[in-house]
Amino acid sequence: MSSSLPSPNSSHFLKLIETNYLIWIWQIKLFLIGHGTWHFVDGSFPQTSQFHPPSSENNDTTTPNPDHTLWFQHDQLEVSYITSILFESMLTYSVL
């Protein structure tokens, strides 16, 4: 069975305010688990190293780690999505 998951649309979710955190996190968690991206939020997919360590194979210079670039792009997509479902007054409390 082949089907594609809907892309995130913030109009389908409650925006976070001071009084609805439990409902808000429940709906976001279910959505992100369903899209296979909750691990960026819960910390189970830690940040990869930005550079490969120096080695004799690469003349003792550091080289960029392409896995980090991909990880960072996915991470920033999640941050962007989550901040889009916060009311403006709540953005000052976010440390993403």
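Using UniProt numbering, the first residue of the sequence shown is number 1, and each one after it goes up by one. Even for Gly, the Cβ is constructed at its ideal location relative to N, Cα and C.
Which value, in whole angstroms, describes the spacing of the CA atoms of residue i and residue j?
{"i": "TYR21", "j": "LEU77", "result": "21 Å"}
{"i": "PRO54", "j": "THR83", "result": "37 Å"}
{"i": "HIS23", "j": "THR62", "result": "The identity of residue 23 in the sequence shown is Ile, whereas the question assumes His. Computed Cα separation, rounded: 45 Å."}
{"i": "TRP71", "j": "HIS39", "result": "11 Å"}
{"i": "GLU88", "j": "HIS52", "result": "39 Å"}
{"i": "THR48", "j": "PHE13", "result": "30 Å"}
By the 10 Å Cβ neighbour count, where 16 or more other Cβ atoms means buried, how is residue i classified, buried or exposed?
{"i": "ILE85", "result": "buried"}
{"i": "ILE28", "result": "buried"}
{"i": "TYR81", "result": "buried"}
If you compare alpha carbons, which of the options is closest to residue i?
{"i": "GLN50", "options": "LYS15, LEU16, ASP67 and TYR93", "result": "ASP67"}
In the DSSP assignment, what are the bridge partners of residue i?
{"i": "PRO53", "result": "According to DSSP, which records beta bridges pairwise, PRO53 is partnered with nothing at all."}
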